[in-house]
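Single-structure report; data block below.
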Amino acid sequence: RGMAMTEEMRDLISEIDDGELRQTILKFSRLNRYTGSRDGEEAVDYLMRKLHSYGIPCHTEEFEFLRSYPVITRLTVNTEGREEPIEAMAAVFSGNCDNLTGEVWYEEDHLSGKTEKEEARRRTLYQDKIVLTHRRHGEDVLAAFFAGAKAVISIWNSPEDLLHHNMVGTVWGGPTPDKLYRYSHIPAVCIKQKDGRKLAEICRSGKKVTARLTIQMAEKVVKARMPIADIPGERDTFLLVNGHYDSWYEGITDNAAANAAQLECARILWNHRDRLTRSVRFAWWGGHSDGRYAGSTAYADRHWEELEEKCIGQINQDMFAGHNCQLVCKTTGCMEKTDMLREWIEDTCGAFGRLYENLYRSADESFSGIGLPISMMSTFIPREDSEWMPHWPEAAGPWWHTVEDSLDKLNEEYLHRDTAVTLRLAAEFTFCRDLPVDMPGFVGRMMDCLGKVQEQTEDEFDLRDAIGRLSDLQKALIPLQEKLEKGELRDSDPMVKHFAGRLMRLAYSYGSEYDHDPAYAGETMFSRFCQMKGLTRQNSRPVWYLAVKNQFVRQKNRLMDQTCRLLREAQNFER
């Protein structure tokens, strides 16, 4: 359990220098930090100069990735001979087109709860159409491509009068030959909610609507750099504190504010490096917004063995200090002790919102397959009575991914607060003798998740024996947890890395630990098992049911085997 803030921790946080934070923010407000661009590389140079000025050992790592962003987007619609333009923004990894013309087919927005058969039937209506939809996730756009749609027009889900950048590529970080098909390159754009509703109403009226679309994308393989800084501790295990430096336009809340906070945390922890039990590594990723997390993926690939052996966790910093970020939350993998994060955040700033107790497949979560014991992402929400709550209930405010993410959206009080929370978390995880994890408790979460799946699935998808084996593992981990609690291990990090890391890998990834699962929507703990919820032979196509059943058997084999291995290792550890 997290402990109340000590005087030493309070003194550490008091060293936060608002002038240092402001200097970075002002610098980045003058740079449109597209990865590999002149401004992007200047941002890297700035971060390196600051790190050098503090005396922190640092270097840059070059990586190569597929970068995509829109250059030209033109959309016009024609109703009964009347043509009018609509403002639109092509998505990252959209396809190019020149005066592509087609009939617009509107997909109604009340689609939740559809069976697999109904979804498949709906997609047959996409053939040769330009699909107008409220869906904009890459998986939905890829499905439209395979269904024969000509293009996809996505209606933004909040009412601001701004065009937002969106991402439709589902390849995580960088392609391998077998995943190149996921770059469907179907023309895909987003339009404002008000324009989408107007266009949808015309489609509902029965009038024939056609659209003409021109898109030019800047898409090519480029090279860029990323700053990496290491602050050595007593042990060679380390915590990875990370966030992306690239942005759309100025990108003040996404992600200049977090970049400044990381830099300030590095400065302070360097000055107190004699107190570090573990090392701290700071990383500023590129290729986040214009490459689907390409920088963190490249780093994970290049340093796989080191991360697997020595990294005890990662804390990702994203979308800090906007005026709507009134309450501090965390999205967490939940390996840490129950309520610990809540206590630390409340104790540090008094503005705790909630915990999101499940990682989501987004925002540089590029390390699930490697298996890091601690994994958490920054999250913020407005207060219930806030003007932001009706349409922007989380950190992505109306300016997110738009030209309006500018200096006036920054709340400097929140920036100081968010820096303090980051510093507190980094210090707690690196100063402590033994990591505050709860391995039996995490296994309990795994069992609860599978139990909920079991309640909503047919008898053919039987997880009861897997839950039973997890129960055996939970019991076997209790003596190890007790040793950890009592401080009986001289260096407990290898044991925590082995057991907690593998449990995280098992729960939050489903493919090879040497590869990366694609970006997908929905639940992430046991995501492939969660696909079975509500599925029956009656409400799905036979081929789909067969495919899910095959997936179930293979994923269950993985779960049973890995649980059995961990069980034997936990029992042998005691001997």
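Residue numbers (this note's numbering): 1427 to 2001. Cβ atoms here follow ideal geometry from the backbone N, Cα and C, with glycine treated the same way. Please read these numbers as outputs of a predicted model, since none were measured by experiment.
Three-state secondary structure (DSSP) of residue i
| i | result |
| --- | --- |
| G1564 | helix |
| L1588 | coil |
| R1427 | Note that R1427 has pLDDT 39, beneath the 50 cutoff, so the model's placement of it is unreliable and the number below is only indicative. R1427 falls in the coil class under three-state DSSP. |
| G1739 | strand |
| F1491 | strand |
| W1825 | coil |
| V1754 | strand |
| F1887 | coil |
| H1749 | coil |
| F1664 | strand |
| E1509 | strand |
| T1486 | strand |
| Q1796 | At residue 1796 the sequence reads Ile, which differs from the Gln that was named. Coil at I1796, not helix or strand. |
| T1950 | coil |
| T1559 | strand |
| P1602 | For clarity, residue 1602 is Thr in the given sequence; the question names Pro instead. If DSSP states are grouped into helix, strand and coil, T1602 belongs with coil. |
| E1813 | coil |
| S1705 | strand |
| N1458 | coil |
| T1550 | helix |
| L1915 | coil |
Top-ranked residue by Cα proximity to residue i, from the options
| i | options | result |
| --- | --- | --- |
| Q1957 | I1904, E1914, F1887, G1659 | F1887 |
| C1691 | Q1553, R1843, E1735 | R1843 |
| V1647 | R1630, I1617, G1717, A1853 | G1717 |
| V1922 | T1757, L1906, E1645, S1953 | L1906 |
| K1576 | H1611, R1651, T1828 | H1611 |
| D1566 | E1586, N1592, S1794 | N1592 |
| K1634 | E1884, F1952, L1625 | L1625 |
| Y1840 | L1899, V1754, E1783 | V1754 |
| T1636 | T1502, D1744, A1683 | T1502 |
| P1866 | G1507, E1762, H1563, L1702 | E1762 |
| R1608 | I1617, G1622, F1571 | F1571 |
| A1644 | Q1900, R1693, S1463, P1944 | S1463 |
| L1588 | Y1725, T1828, G1776 | T1828 |
| G1713 | T1764, G1595, I1796, E1735 | G1595 |
| G1600 | G1507, F1491, R1548 | F1491 |
| L1781 | G1445, R1916, D1765, R1448 | D1765 |
| S1455 | L1899, Q1619, E1830 | E1830 |
Residues sharing a beta bridge with residue i, DSSP
| i | result |
| --- | --- |
| W1711 | H1670 |
| A1514 | I1617 |
| P1496 | M1643 |
| V1974 | Paired residue(s): none; V1974 is not in a bridge. |
| S1938 | In the DSSP output, where bridge partners are listed per residue, S1938 has none listed. |
| L1899 | DSSP lists no partner for L1899. |
| N1681 | Paired residue(s): none; N1681 is not in a bridge. |
Neighbour flag for residue i against chain C, beta carbons, 8 Å
| i | result |
| --- | --- |
| R1768 | No chain C is part of this structure, which consists of one protein chain only. |
Exposure label - residue i; buried when at least 16 CB within 10 Å
| i | result |
| --- | --- |
| E1434 | exposed |
| T1989 | buried |
| N1998 | exposed |
| A1996 | buried |
| P1585 | exposed |
| E1881 | exposed |
| D1885 | exposed |
| R1427 | Note that R1427 has pLDDT 39, beneath the 50 cutoff, so the model's placement of it is unreliable and the number below is only indicative. With fewer than 16 Cβ atoms within 10 Å of its Cβ, R1427 is classed as exposed. |
| C1629 | buried |
| G1779 | buried |
| Y1934 | buried |
| L1613 | For clarity, residue 1613 is Pro in the given sequence; the question names Leu instead. When all chains shown are included, P1613 counts as buried. |
| L1551 | exposed |
| E1510 | exposed |
| T1972 | It is Leu, not Thr, that sits at residue 1972 in the sequence shown. Result: exposed. |
Residue i: first and last residue of the uninterrupted alpha helix (DSSP H) it sits in
| i | result |
| --- | --- |
| R1963 | Looking at the DSSP string, R1963 is not in any alpha helix (DSSP H), and its letter there is neither H nor E. |
| I1771 | 1766-1775 |
| P1920 | 1919-1934 |
| T1723 | 1720-1728 |
| V1597 | Segment: none, V1597 is in no alpha helix (DSSP H) and carries neither H nor E. |
| T1848 | 1838-1857 |
| I1451 | 1444-1454 |
| A1577 | Unbroken run through A1577 is the beta strand (DSSP E), 1577-1581; no alpha helix (DSSP H). |
Residue range of the unbroken beta strand (DSSP E) whose run includes residue i
| i | result |
| --- | --- |
| V1647 | 1635-1657 |
| S1801 | 1800-1807 |
| E1627 | Element bounds for E1627: not the beta strand (DSSP E) but the alpha helix (DSSP H), 1619-1630. |
| G1877 | Run containing G1877: none in the beta strand (DSSP E); it sits in the alpha helix (DSSP H), 1865-1881. |
| G1779 | 1778-1782 |
| C1523 | 1523-1532 |
| S1463 | First-last for S1463: undefined, no H or E at that position. |
Contact test: residue i Cβ vs the ligand COA heavy atom, cutoff 7 Å
| i | result |
| --- | --- |
| W1730 | Absence of the ligand COA is noted for the structure shown, with no ligands found whatsoever. |
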